[in-house]
Amino acid sequence: MSTPSAPPPVLAAPHTYTSITDKIAGIVLTRGARRGWLLGFAIGLALFTLLGVAVTALLYVGIGIWGVNIPVAWGFAIANFVWWIGIGHAGTLISAILLLLRQEWRQSINRFAEAMTIFAVMCAGIFPLLHLGRPQFFYWLTPYPNTMSLWPQFRSPLVWDVFAVSTYFTISLLFWYVGLIPDLATLRDRSQSRIGRVVYGVFALGWRGSARHWQRYEVAYLLLAGLATPLVVSVHTVVSFDFAVAQLPGWHSTIFPPYFVAGAIFSGFAMVLTLAIPLRAAYGLHDLITERHLQNMAKILLVTGLIVAYGYFIEAFMAWYSGNPFERYVLWNRLTGPYRYGFWGMLLFNVALPQLLWLQRVRRSAVALFVIAVCVNIGMWLERFVIVVESLHRDFLPSSWGMYYPTFWDWATLFGSFGIFLTFFFLFIRFIPMISIAEMRMLLEEERGEAAA
Amino acid sequence: MTDLDAVRARLAAARGEQYWRTLEEVADSAAFEELLAREMPAAAVQWLDPMRRRSFLKLMAAALALGGLGGCGERPSEPIVPYVRTPEGVIPGRPLYFATAMPSAGGFGLGLLVESHLGRPIKVEGNPRHPASLGATDAHAQASVLTLYDPERLQAVTFAGAIRTWADFLGAARAALGAQRAQRGAGLRLLTETVTSPTLGAQLRAVLEQYPDARWHQWEPSRADAVRAGALAAFGDDVRPIHHLAAADVIVALDADFLGCGPAHLAEVREFAARRRPGQPMNRLYVAESGLTPTGAKADHRLGLRAAAVAPLARALAAAVGVPGATAPHADQLPARWVEAVARDLRRHRGRSLVVAGETQTAEVQALAHLTNVALGNVGHTVSYVPAVEVRSEDQLASLKTLVDDMAAGRVEVLVVLGGDPAFNAPADVPFAEAMGRVPLRIHLSLYGNDTAARSHWVVPAAHYLESWSDVRAFDGTVTVVQPLIAPLYGGKSAHELLAVLGEGATQAGYDIVRARWQAERRGADFDDAWRSWLEAGVVPGTASATRYVLPRRAPAPSQADGQEGLEVVFRPDPAVHDGRFASNAWLQELPRPLSRLTWGNAVHVAPTTAAHLGLRAEQVVELALRGRTVRAPVVVAAGQAEGSVTVHFGYGGRGPFHEHGFNAYAIRPSDALWSGWGLEMRPTGARSPLARTQHHQRMEGRDIVRAFPAGHEPPRATPEPAAAEPSLYPEWSYAGYRWGMAIDLSACVGCNACVVACQAENNIPVVGKREVLRGREMHWIRIDTYFTGDPAAPGTYFMPVPCMHCENAPCELVCPVEATVHGAEGLNEMVYNRCVGTRYCSNNCPYKVRRFNFFEYSRWNAESLRLLYNPDVTVRSRGVMEKCTYCVQRIVQTRIAAEKEGRRIRDGEVVTACQQACPAEAIVFGDLNDEESRVRLLKTEGRNYALLEELNTRPRTTYLAALSNPNPELA
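Protein sequences, first through last, are from chains A and B. Each step along the first sequence adds one to the number in our numbering, with nothing skipped, and position 139 is 143. Each step along the second sequence adds one to the number in our numbering, with nothing skipped, and position 558 is 596.
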């Protein structure tokens, strides 16, 4: 319950330690696979199969089944890659930065946000592999000892990407897993089935909940949060260098690192909202993921949306102000050229719609937030498409101007990547507590402590 | 080496431990140490250390045993036999060059030097000694080697579609000819294309003597009968003009694409381009034409007008220079100012001007052009006349019509068609295919299974010119003996061999036929030497036609202008597939046409105003109707096309591979409007047909891409290469040895596309097909960009060849994650195919977009015959790998090796890239920038030298020389 003057509580409804654990662990242990979950999982699997088909066709026949050509040598694959990686940033921000900033409201969303990050990075990671002409040699981008005595070419942003994305995935996975250990132990202790006890037991790494374990846990968690914090900024900066280091007009822009990071957080929070709102409705988690969470996320969405809007504006202004005819043309082409619908759609979804979040009424409405979040996701994908394709298709020499027409396989790979995400996410919901039990209990502890004081 | 033999003998006798002991003995001998020091100096140093020595011996024992120094145990004896009769001069890995000639369309010869690797011809170059080539080639000659290996070629003698042997054919032919002999050959007809070959001419004459009532007809769809008629009208003599453009200050082209096509066009391009360079008085070119051609693109002043309006223009000019009998047309028909200025310019340059009439124009225009040249005193200076080079110069349309009449009337019993495809390309109102059906025995000698072959009884596979002995005359009469480079791949027969069957009734080898004919002509003991020298040089000296003295007549009366209603249609052979003979050649199919950049198909070229008027846009399909016949064609909105006139290219639509990509213009080409005519109707059908173009945007969009200056106004000479001005984090590259660079002269380039096909042939560049070109994935390493400036109805046109720039600060090198593209020690940007993983970042960062990617497995690994075509010095790339122009690094390396063996530096002009070698205009110059006297270094100091997109600081090694023009101040 909230009054207009006081913000809604982080943890609503009277809860005890037991009730928190019961509720969250119950989703995994007792609820079982209901129809809704089965349907979602089936859709995920179907898309995953579509991806399998698309990838098989790609590996068998060649990159040519996509719409890429000269000059547009990068198309959906790279746009998807950047989009998925960007989505992952919200999870890390919630997990790490909000932890270090002592924002208690992160407790109930950080588990599935971090899971979202990991699965998003997995989805993203397939694209740099698939888009290679000879994907069987992808490992040449890594510095491994080889008979040719060759290092990768370190001036290339793609090599930096390898380090950035692999670091990001590793840290995120570790961070998520370490945080998961106490909960896995809980599930091990509560599980009714033998398999459950064994599997959870193995992954719980022998957690007994002793004081020493907790102390080590806190230290490890804090350290990992500290390691993960710079990643929020660095990973997408490095990804933005894929474009900023190139000299293409429309890519070669110093605003790209902060603009991309802001965009990443923007799209990531939108995805968190897109996941959180249905989850809390389906699993009745309104008391754990409260209106306060939604409002805070909406505010972050608004702020990052404004930064992104600033990025658009300053890019356009600088293109005009620079007097550089190539840059000016890129801007003009975005506004009026063959892909203008993508560009205007992007402005609509990323700049215009999020302005609704100024209204508290909108921030309070879960449905409105969901719609805006989905639109932002689409808008951010459009932004990546605009950046990748529109800058490539008309660059310096008009004789090399061409068009990019996505093929069936482009779409299949894009939607197929959702298959990976949904499959893993539904498995996550089913088998792993989607809210951190231990941290929610800690939150309850603090609130009781405050109430008592 | 006797010590070594002794050692060998000793080792051979040793066994086991004894062997080892013996090896130690061997090692101790002074002879062995000397051998070691000589052969492996590095190992000799190790030798001194006893520990190392032991391990060395262990290692070397096995090697020595394999090398024959050891002799442990019996080895099975497998005698191998070396090349017992090695062909003279063959060193595997080193190509041989043979001089031959290609009979190009029109029957005229183009002298060539063909590169042969181990008995396989793989690359065509021009023969510098041949007057039609001067070392250059055109796109058709470059692509001809693909036709040789084309798996679609006819591979067996067939009768009614069933495979037979040559002996079967001989039997049937003898029987039929026996019957003909009885009636003096009254039912025998021979149909050939234009014949210039002296041997074939002699054979034909012999056959006609044997069968006095037989007839020999000639027909080629690209034949312009008006040339002969015009000469007869002007001089009463069947002569042909030879243009000496080097001496011409003013050139007026009346619908004449002399830079783009014609038997002499390579030589003419050379002479024309030489007069477009600074440092000497520049020529001035006026062009009047209906559709934009490469000649029109190079014009200083171009007038777009309907083909029918060229005759009044010719008359106006003739009257203005004082040709007797020429009357000026009505003033309102032509732009008076233009005509007056041109006439004044011509008069000012008497004896140094030239009027060229297009071969496709009417006889009246041709005659007027001749007479104008005479009146201007140009004869003997810029133009001279020689007798017609063909064995029999005749009105081929009339000849064909006579034949068709005979066939339709049933007077023909045996029809022998040597080459060509008359059933496909005869005029639409001359029913050749139908009439042919009435002939009881039809024999066709053909490369492909085309329409005529489908209607013939006996189809004999033709031998390609690279497989046959023959001879051919160039445009000036020079004879070349055509020698084969490879035995016929599919048992093909040349026209000589087939005619020998008709003449002698027996099989005769082409070699014997040709040689016998020449031996008969040139009697004497030194024939063998002479023959060898002819084959070596590629020309028979002294065979150029002698100049003919001509007496001008009065100007012909103006032809009556018929009701000029509706649209005018102008027929032209397709720039790449010509009259259809090259339609099966994938390189030519994929060759972007010079102005429309169209591939894999033809279209109807419509003027922008006409298109707007009729509501037509590119790729829309229209129905063309002429004299009651229709055909559907896609539209191209062509800049520079004259209003009210559309250009249609014939060559597509027949039977055979790839013909289906275009429409059949022959279906509406009537005999009374073979080259142009009135009354065309164009109706939109609402359908669309995608056009595979490689360049979609032909405007420069206000960017500094092609620089052009009026002559004398170019920037002043630059100081020799200024030092790098931009600061950089990275040190400058230093080049102690060679530093390669290239300069491309935009003033000279005529957009002929020879360089594109030459590069494709030299570097094993795959063909991707129409669907992939539609997707934007063509693979040409060098492309020619065509840019238009100004009014679309009368545009300025520029050709810009764009190969890899080999930038000093290459943006591609920076972003490749696996170092697959690196900076070479001599300045080249080197592409390492086997390291490329295919991220395509290099292509994204290349501002010139010269990189090409193998999106699919484009190289044809499976076609047996096409594998023979690959240049063994160049890697064949597979799927997923990036490729681009390499400055023909294989040629650089070969030359460097040869130079190093001789202990000297590479001389300027020794390394010639494929594109440079093919270019008739000598527009591409390549060489060593560290060589102070190299031509390329000199060219780069010219004021008009600039780098494309130089503000990006890529510092490309390929720079451009701005185009120069010479406008007439009166018309500016």
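Quick reminder that beta carbons are idealized off the backbone N, C-alpha and C, glycines included. Quantities reported herein were computed from a predicted structural model and do not represent experimental measurements.
Residue i to residue j span [Cα, whole Å]
i, j, result
"A/Phe-347", "A/Leu-97", "28 Å"
"B/Pro-830", "A/Leu-298", "60 Å"
"B/Glu-603", "B/Ala-663", "13 Å"
"B/Arg-878", "B/Ala-405", "58 Å"
"B/Asp-176", "B/Cys-953", "11 Å"
"B/Gln-84", "B/Gly-157", "Residue placement at B/Gln-84 is flagged as unreliable, the pLDDT there being 48, under the threshold of 50; the coordinate-derived value follows with that caveat. Taking the straight line from one Cα to the other gives about 46 Å."
"B/Ala-285", "B/Ala-749", "18 Å"
"A/Ala-229", "A/Ala-117", "14 Å"
"A/Pro-18", "A/Thr-121", "31 Å"
"A/Ile-439", "A/Ala-37", "18 Å"
"B/Ala-461", "B/Ala-621", "16 Å"
"B/Arg-375", "B/Glu-190", "55 Å"
"B/Glu-247", "B/Gln-256", "18 Å"
"B/Asp-823", "A/Gly-92", "44 Å"
"A/Val-57", "A/Ala-280", "30 Å"
"B/Leu-605", "B/Arg-586", "41 Å"
"B/Ser-484", "B/Leu-134", "29 Å"
"B/Gly-26", "B/Ala-326", "The requested residue 26 of chain B does not occur in the structure, where chain B is confined to residues 39 to 1010."
"B/Tyr-549", "B/Trp-204", "18 Å"
"B/Gly-394", "B/Arg-388", "Residue 394 of chain B is actually Val in this sequence, not Gly. When rounded, the distance between both Cα atoms is 15 Å."
Spatial neighbours of residue i in its chain, beta-carbon cut-off 6 Å, leaving aside the 5 residues before and after
i, result
"B/Leu-228", "Trp-254 and Val-454"
"B/Pro-958", "Ala-174, Leu-304, Val-307 and Arg-308"
"B/Leu-523", "Phe-136, Val-152, Ser-154, Pro-159 and Leu-504"
Proximal residues of chain A, C-beta to C-beta of residue i below 9 Å
i, result
"B/Glu-960", "Going along chain A, no residue has its Cβ under 9 Å from B/Glu-960, so there is no contact; the nearest lies around 23 Å."
Start and end residues, alpha helix (DSSP H) containing residue i
i, result
"B/Trp-569", "565 to 575"
"A/Phe-85", "80 to 96"
"A/Gly-423", "412 to 435"
"B/Asn-882", "879 to 883"
Residues near residue i in its chain [Cβ-Cβ closer than 7 Å; skip 5 each side]
i, result
"B/Ala-1010", "none"
"A/Glu-319", "Ser-257 and Ile-259"
"A/Leu-448", "Leu-15, His-19, Tyr-21 and Ile-24"
"A/Glu-443", "Gln-111"
Interface partners of residue i on chain A, CB under 7 Å
i, result
"B/Asp-1060", "Because chain B here runs from 39 to 1010, residue 1060 of chain B falls outside it and cannot be looked at."
"B/Tyr-886", "Leu-401"
The beta strand (DSSP E) enclosing residue i, as first and last residue numbers
i, result
"B/Phe-462", "Counting along the chain, B/Phe-462 falls outside any beta strand (DSSP E), though it belongs to the alpha helix (DSSP H) covering 460 to 463."
"B/Pro-141", "134 to 141"
"B/Asp-823", "821 to 827"
"B/Ile-782", "778 to 783"
Chain-ordered chain B contacts of residue i [CB-CB under 8 Å]
i, result
"A/Arg-159", "Leu-852 and Val-853"
Per-residue contacts from residue i into chain A (C-beta, under 8 Å)
i, result
"B/Pro-166", "In chain order: nothing, as chain A lies at least about 33 Å away."
"B/Leu-987", "Phe-400 and Leu-401"
Neighbouring residues, chain B, relative to residue i (Cβ below 9 Å)
i, result
"A/Gly-137", "Cys-874, Val-875, Gly-876, Thr-877, Arg-878, Phe-891, Asn-892, Phe-893, Arg-917, Gly-918, Val-919 and Met-920"
Chain B residues whose Cβ lies nearer than 7 Å to that of residue i
i, result
"A/Trp-405", "His-734 and His-735"
"A/Pro-329", "Gly-740 and Arg-741"
Fully enclosed by the segment 400 to 445 of chain B, which beta strand (DSSP E) runs are 3 residues long or longer? DSSP runs (the beta strand (DSSP E)) wholly in the segment 400 to 445 of chain B: 421 to 425.
Return the chain-ordered ranges of every alpha helix (DSSP H) run that is complete within the segment 220 to 305 of chain A and spans a minimum of 4 residues. Taking only runs of at least 4 residues, the alpha helix (DSSP H) segments lying wholly in the segment 220 to 305 of chain A are 260 to 287.
In chain order, which alpha helix (DSSP H) runs of at least 4 residues are fully inside the segment 11 to 69 of chain A? Correct list: 21 to 33 and 39 to 65.
Continuous beta strand (DSSP E) assignments of at least 3 residues falling wholly in the segment 669 to 707 of chain B: Counting only unbroken stretches of 3 or more residues, the beta strand (DSSP E) elements lying wholly within the segment 669 to 707 of chain B are 683 to 688, in sequence order.
Hey, which unbroken runs of the alpha helix (DSSP H) at 4 residues or more fall wholly within the segment 143 to 189 of chain B? For the segment 143 to 189 of chain B, the full-length alpha helix (DSSP H) segments reaching 4 residues or more read 177 to 186 along the chain.
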